[in-house]
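Structure record follows, encoded as structure tokens.
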Ligand code: IPM
Ligand code: MN
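Residue numbers (our numbering): 82 to 450.
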């Protein structure tokens, strides 16, 4: 039986609560003998700042480097609003993405039939929705230099963020999108704003060239990012794979999450380049939702996005697609049986706690053995 090293970073807010549910499932698989998960835990975000004044420690960066997969729950909260910019909670997550070159962020938005009524859109618009947003994660305005606030004197300041992309960055994220589309419904929608941004012009041209050269069999279209936001809420089922930059991807995946019923439903995988020697890639798995400090510690959080992220680790890092299928089937089954956390309650008579939802998914996995 193979051993897989998981490095868990629960982070802040609801992070520890949702991560605890993943630990139960990993322990069950280990105990069952289907795979052996070796678990280490570290600190990221505000939790790391409180412990050692950094958003992630060097020791935890080394542990993350040694792991087969990193699972992160969420970072941030009002408690750390005043901390210096360089050590704010988000800096820990951004450092993990950048240092491990996790350029490809896969954010699938699936609307389970049982949840179609929890969405803010009409059932017929979202029922059966299955789209994948591929967000570039290590470039663009998140990391471009200069990034600064300059004092101009006389009470005036100038703030600069830099949106920058090079050809190779667009090509490698484009390849991920086209390859995924081939395994799905064979359609890619590329999104930027070439009508106002030079980076958008290069993005569009590069995707067109790549498509011609390597993926002529895949259907490709282009949509300006503002129009895509509108189309996502107008007619979301028209999309298969969407590929876009770091900032537009951040925005559009929050929108896509609501189509599925709740931000608490969306998992994600952040993948690095495949190492030619080992055939493996560095990867971090995290829910799309944040730390939700307003509901932290109350057992109200939905653990499904975190559990789904573990499912993505099984699939993309460990090649355990049958186990990943089992996790996804267990999630679908508990939803079909009517289990609802508060965020997806809709018109349901009552909701379950974080722990009860996790236990229900675990019970489903046990019953399926
Ligand atoms: C996300 C989050 C992060 C981002 C924050 C926490 C830095 O919103 O993963 O979508 O902006 O990328
Ligand atoms: Mn976001």
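Heads up, the beta-carbon is just placed ideally off N, CA and C, and yes, glycines get one too.
In this structure, residue 314 has its beta carbon at no less than 8 angstroms from each heavy atom of the ligand IPM. If you look at residue 324, you'll find it in the beta strand (DSSP E) that goes 322-325. Judged by the Cβ position, residue 369 qualifies as a neighbour of the ligand MN at the 8 angstroms threshold, a heavy atom of the ligand being closer than this.
Residue pairing from DSSP places residue 301 in a beta bridge opposite 269. Among the bridge pairs identified by DSSP, residue 234 is matched with 237. With the rule of 3 Cβ pairs closer than 8 angstroms, the region 118-133 does not count as touching the region 181-201.
Applying a distance threshold of 5 angstroms between residue Cβ atoms and the heavy atoms of the ligand IPM selects 171 and 331, given in chain order.
Distance from the CA atom of residue 99 to the CA atom of residue 133, rounded to whole angstroms, is 24 angstroms.
By the neighbour-count definition (other C-beta atoms within 10 Å, threshold 16), residue 230 is an exposed residue. Residue 189 is bridged by DSSP to 213. The Cβ neighbour count for residue 420, taken over all protein chains shown within 10 Å, is at least 16; the residue is labelled buried. Comparing alpha carbon positions, the residue from 272, 434, 137 and 368 closest to residue 285 is 272.
When the beta-carbon positions are compared, residue 414 and residue 445 come within less than 9 angstroms of each other. For residue 130, the uninterrupted alpha helix (DSSP H) segment begins and ends at 127-133. The ligand MN has a heavy atom closer than 8 angstroms to the beta-carbon of residue 335. Your pair residue 148 and residue 87 checks out as a contact, with CB atoms roughly 6 angstroms apart and the cut at 8 angstroms. Looking at the DSSP output, residue 225 shares a beta bridge with 243. Per the DSSP secondary-structure output, residue 153 pairs in a beta bridge with 90.
Beta-bridge pairing by DSSP links residue 117 to 84.
One thing to note: residue 322 has its Cβ within 9 angstroms of the Cβ of residue 214. Contact between residue 337 and residue 197 is absent: CB atoms are separated by about 15 angstroms, not below the 8 angstroms threshold.
Within the DSSP secondary-structure output, residue 365 pairs in a beta bridge with 151 and 351. Note that the region 161-180 touches the region 136-144; at least 3 beta-carbon pairs, one per stretch, sit closer than 8 angstroms. According to DSSP, residue 122 shares a beta bridge with 89. Each residue's CA atom was taken as its position, placing residue 408 and residue 107 some 11 angstroms apart.
Two segments are said to touch when three or more pairs of C-beta atoms, one from each, lie closer than 8 angstroms; by this definition the region 322-332 touches the region 261-278. Between residue 164 and residue 92, the CB-CB gap reaches or exceeds 9 angstroms.
Three or more Cβ pairs closer than 8 angstroms define a contact, and the region 357-366 falls short of that threshold against the region 306-313.
Listed in chain order, the non-local C-beta contacts of residue 103 below 7 angstroms within the same chain comprise 152, 387, 388 and 391, local neighbours out to five positions each way being set aside. A Cβ-Cβ distance of about 18 angstroms is found for the pair residue 395 and residue 369, leaving them out of contact under the 8 angstroms criterion. DSSP, read as helix, strand or coil, puts residue 97 in helix. Shown here, residue 138 sits in coil according to DSSP, grouped into three states, outside any helix or strand.
Per DSSP, the continuous alpha helix (DSSP H) segment holding residue 441 begins and ends at 435-448. Less than 9 angstroms separates the beta-carbon of residue 184 from that of residue 250. Burial check for residue 255: the Cβ neighbour count within 10 Å reaches 16 or more, so the residue is buried.
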